[in-house]
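Since the structure comes first, as structure tokens, the remarks are kept for the end.
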Amino acid sequence: MTKKLLLKQSFHSILMLLACCHPGVMAATASMSVASFWQASDVQSPLLMAFMAGALLSASIGAISVSQQPLHRLIYATTTAVALAYLANSAVYFAYLLIPLLLLHVWLALRTKQWRFQLIACLSMVGAVLALGGALYWGLSPGLVVAALLPVFFAELMLPRAAAESAQQPGTDESKTADILELPDRAGFRTAFYDFRQRDPSAAMLVMIRLEGFQQVNFHLGREFGDLLLAQSANRIKQHLQHPDVMPIPLGNDVSRLAHLGGLHFVFVCSLVNQHHLHEQMVNEIIESTLKPFNVGNCTIEVKARASYVNCDEEQGQFENLLTCAFLALDSQPDSPIAPYQQQMQINRLEQQARLAELAHIDFRKELELYFQPVVRNEDGDIEFLELLLRWQHPKQGILAAGKFIEDIRIAGLALPVAQYVIERAAEIALALRMEGIAMPLSLNLFGPEMLHEEFIEFIDHVLVEHQLKPGDLIIECPSSLFTSLDPQGIAMVSRLRSMGLRLCIDSFGETPVTLSKLPQLTVDYVKLGRSLTSDHGHQGSFKSVVRGIVEMQQIQACKVICEGVESPEQLQFVKSLNTFAAQGYYFARPLSSVGMISWLKQWRWEHPEDASVSPQPDSH
331 MTKKLLLKQS FHSILMLLAC CHPGVMAATA SMSVASFWQA SDVQSPLLMA FMAGALLSAS
391 IGAISVSQQP LHRLIYATTT AVALAYLANS AVYFAYLLIP LLLLHVWLAL RTKQWRFQLI
451 ACLSMVGAVL ALGGALYWGL SPGLVVAALL PVFFAELMLP RAAAESAQQP GTDESKTADI
511 LELPDRAGFR TAFYDFRQRD PSAAMLVMIR LEGFQQVNFH LGREFGDLLL AQSANRIKQH
571 LQHPDVMPIP LGNDVSRLAH LGGLHFVFVC SLVNQHHLHE QMVNEIIEST LKPFNVGNCT
631 IEVKARASYV NCDEEQGQFE NLLTCAFLAL DSQPDSPIAP YQQQMQINRL EQQARLAELA
691 HIDFRKELEL YFQPVVRNED GDIEFLELLL RWQHPKQGIL AAGKFIEDIR IAGLALPVAQ
751 YVIERAAEIA LALRMEGIAM PLSLNLFGPE MLHEEFIEFI DHVLVEHQLK PGDLIIECPS
811 SLFTSLDPQG IAMVSRLRSM GLRLCIDSFG ETPVTLSKLP QLTVDYVKLG RSLTSDHGHQ
871 GSFKSVVRGI VEMQQIQACK VICEGVESPE QLQFVKSLNT FAAQGYYFAR PLSSVGMISW
931 LKQWRWEHPE DASVSPQPDS H
């Protein structure tokens with residue numbers, strides 16, 4: 331119900347009460363003077379009191395319904411209740427209760443900062459005080475008090491409507507973001523683009539700018555400060571687009587060289603006729619300028635800008651397709667500040683879409699296969715364990731390594747089912763090895779978060795019991811990022827896995843400062859150093875000292891350090907000089923299908939008889 335309708339219905343209620351009471355009022359007042367009509371000591375008409383009570387109640391309901399302030403509604407309801415009680419029996423203490431309520435009404439009126447409402451409320455309260463005094467000292471009817479109160483209730487009916495109209499003004503400004511930024515919109519940029527390409531079809535580059543870091547500003551400071559920050563960012567970008575080779579975009583009687591696509595995306599086009607790398611120069615200047623902090627709302631705020639660019643001859647020069655390519659470049663390289671568009675991105679996207687469609691109907695047993703690669707101890711050259719590597723026998727793209735489709739599995743919501751399949755297959759392989767008299771632990775890679783689910787923990791427990799696996803037969807490898815962000819519940823889940831006899835390994839460890847800061851807090855069995863720390867064995871001095879420090883820190887924590895990516899005798903010698911526990915890489919063996927794992931192990935033992943004298947036994951913890 332609208333406020334206007336509420337106001338109208340309140341007046342109609344009063345008129346209906348007046349119409350109903352009219353005959354009785356005329357009959358009651360036919361034999362009395364005007365003075366005695368309002369004197370409660372002589373004659374007090376019940377119908378008159380009912381009429382005043384109904385009018386007050388109708389006005390009060392309307393005012394309470396439209397009021398936007400809880401305090402207003404409470405005071406209106408209290409005033410109505412006290413006034414009705416005073417009408418009922420004219421008790422003196424009810425009259426005295428009305429006095430502080432009248433003062434509260436004046437106070438509320440002064441808070442609204444609406445001068446019309448303040449004037450009506452003050453005059454109404456003065457009239458109510460005079461009527462109250464007349465009722466107490468001269469015996470006038472309590473109905474006069476109610477009559478004096480009615481205007482303030484009707485004024486409240488008008489107040490929210492006026493406030494709403496005034497509140498609409500900022501909304502219209504807020505909705506016109508393009509007007510605030512004083513930039514052309516998408517439609518204006520499209521028209522200017524086609525006109526420009528028709529006049530000058532030579533080499534040109536479309537550049538898209540994406541701003542990041544606004545979410546916290548909008549949340550903590552409000553949208554209005556976010557809009558102000560957006561306007562300041564746009565002004566900085568425009569300062570670097572004054573070059574005559576940047577495409578002009580008509581904007582009323584003015585010309586702009588930057589357009590706003592909406593949200594946090596801006597775009598411009600520059601010709602490459604005179605400078606082949608003009609777009610790169612401008613992008614670097616824009617990104618560097620946005621890195622300087624902004625001052626908004628007395629707060630120093632940092633904004634991050636990323637850019638992509640696409641040749642205007644791509645996609646047959648179609649405007650919408652060029653924008654799609656620019657967006658694709660930004661999304662394909664989320665960690666890169668500058669993302670040039672490449673046609674391979676379209677191919678990768680189409681391939682991913684095809685994989686996602688195929689994952690919806692994938693048969694794990696037929697299409698997913700486990701390969702293996704040994705982890706060799708540096709001390710005696712024997713195998714510490716075999717790492718199982720997931721491969722997808724893709725019907726069109728061939729054998730895909732896990733890195734090619736892990737993200738697809740996450741997107742398709744198959745992380746937990748795939749992890750369960752890998753665990754079950756690893757348990758079957760471990761049981762087959764034991765039946766051949768080979769005691770060889772197996773490690774398998776998990777995505778990470780799925781291992782912290784209660785359903786996954788219960789599944790692991792079931793598989794271990796069903797296949798009669800011993801403690802240490804299975805090793806779970808997880809990304810280092812999982813262990814650096816564990817909450818108390820996650821830590822409890824990891825402890826449960828260890829208590830079940832599973833050993834844990836951190837994969838690709840030590841490649842970020844955040845990870846290094848978490849080293850002393852981790853309680854795992856193995857740590858694999860990332861390839862970046864061991865691939866260039868020629869580095870000595872400070873680099874070697876850093877890596878050695880990581881190794882020593884892990885040894886203090888009773889963790890065995892494994893170096894990945896060993897591909898030559900020189901690299902192996904380098905990792906041995908770091909006192910690491912084991913190594914893994916193409917130098918020992920490339921990933922092989924698990925179908926021939928038993929035969930390969932027997933061949934390894936035959937070729938390394940001195941290494942097989944001490945067979946690796948799983949730790950019993």
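The numbering used here numbers the first residue of the sequence shown as 331 and each following residue consecutively.
Glycine included, C-beta positions come from ideal geometry on N, C-alpha and C.
For clarity, every value in this text was computed on a predicted model and none was experimentally measured.
Residue i versus residue j: straight-line alpha-carbon distance, rounded
| i | j | result |
| --- | --- | --- |
| Arg826 | Leu776 | 16 Å |
| Glu644 | Leu652 | 7 Å |
| Tyr917 | Ile616 | 46 Å |
| Leu591 | Ala393 | 45 Å |
| Lys696 | Glu900 | 40 Å |
| Gln672 | Thr654 | 12 Å |
| Leu902 | Ala732 | 25 Å |
| Leu834 | Ala756 | 15 Å |
| Phe447 | Val436 | 10 Å |
| Tyr639 | Ala669 | 7 Å |
| Asp837 | Ser810 | 6 Å |
| Ala656 | His595 | 11 Å |
| Phe544 | Ser390 | 45 Å |
| Val364 | Gly464 | Reliability of the predicted coordinates at Val364 is poor, the pLDDT of 40 falling under 50, and no value is obtained from them. |
| Ser619 | Leu719 | 45 Å |
| Asn625 | Gly593 | 21 Å |
| Pro818 | Asn614 | 43 Å |
| Pro664 | Leu716 | 34 Å |
| Asn708 | Ser907 | 10 Å |
| Gly501 | Ser454 | Bear in mind that a pLDDT of 40 at Gly501, under 50, signals an unreliable position, so the model cannot answer this. |
| Leu513 | Asn565 | 10 Å |
| Thr409 | Arg540 | 57 Å |
| Phe735 | Pro725 | 14 Å |
| Val891 | Leu772 | 17 Å |
| Leu863 | Arg636 | 29 Å |
| Arg516 | Ile692 | 41 Å |
| Leu431 | Ile405 | 7 Å |
| Gln528 | Asp575 | 15 Å |
Contacts around residue i, its chain only, beta-carbon distance under 6 Å, and the 5 residues preceding and following it disregarded
| i | result |
| --- | --- |
| Pro623 | Thr630 and Glu632 |
| Ile450 | Pro481 and Ala485 |
| Leu560 | none |
| Val603 | Ser532 |
| Cys642 | Ala534 and Leu536 |
| Glu766 | Ile928 |
| Leu794 | none |
Same chain, Cβ closer than 8 Å to residue i, five either side skipped, listed in chain order
| i | result |
| --- | --- |
| Glu785 | Leu746 |
| Met577 | Ala522, Phe523, Phe526, Ala534, Arg587, Phe598, Val599, Cys600 and Ser601 |
| Ile739 | Leu689, Ala745, Val748 and Phe777 |
| Gln933 | none |
| Arg679 | Leu658 and Ser662 |
| Glu796 | Ala757 |
| Met927 | Phe702, Leu716, Ile759 and Leu763 |
Among the options, nearest to residue i - alpha-carbon criterion
| i | options | result |
| --- | --- | --- |
| Leu511 | Ala415, Leu479, Val537 and Leu581 | Leu581 |
| Met781 | Phe596, Ala769 and Met823 | Met823 |
| Arg935 | Gly711, Val613 and Val459 | Gly711 |
| Gln611 | Leu571, Glu650 and Ala589 | Leu571 |
| Met830 | Ile821, Pro801, Tyr856 and Phe904 | Pro801 |
| Ala919 | Lys858, Gly895 and Ala684 | Gly895 |
| Lys858 | Phe649, Ile806 and Ser898 | Ile806 |
| Arg721 | Ser923, Ala415, Val396 and Glu754 | Ser923 |
| Ala415 | Leu440, Ala380 and Arg403 | Ala380 |
| Gln723 | Ala439, Arg685 and Ala418 | Arg685 |
Where the alpha helix (DSSP H) containing residue i begins and where it ends
| i | result |
| --- | --- |
| Cys655 | Phe649 to Ser662 |
| Asp643 | Element bounds for Asp643: n/a, residue is neither H nor E. |
| Asn565 | Arg553 to Gln569 |
| Leu931 | Met927 to Glu937 |
| Val793 | Glu784 to Glu796 |
| Asn678 | Gln673 to Leu689 |
| His609 | Leu608 to Thr620 |
Residues of its chain near residue i, where Cβ-Cβ distance is below 7 Å and the 5 sequence neighbours each way are ignored
| i | result |
| --- | --- |
| Ala413 | Leu386, Leu428, Val475, Val476 and Leu479 |
| Phe519 | Ile579, Ala589 and Val597 |
The beta strand (DSSP E) enclosing residue i, as first and last residue numbers
| i | result |
| --- | --- |
| Phe519 | From DSSP, Phe519 is part of no beta strand (DSSP E) but of the alpha helix (DSSP H) over Arg516 to Arg529. |
| Asp837 | Arg833 to Phe839 |
| Met538 | Ala534 to Glu542 |
| Ala669 | Ile668 to Pro670 |
| Pro801 | Careful: Pro801 lies outside any beta strand (DSSP E) and carries neither H nor E. |
Residue-level contact to chain C via CB, residue i, 8 Å cutoff
| i | result |
| --- | --- |
| Leu776 | Any reference to chain C falls outside this structure, which holds one protein chain only. |
Checklist entry - Which parts of the region 720-755 are runs of the alpha helix (DSSP H), unbroken and 4 residues or longer, counting only runs that do not cross its ends? => result 732-741
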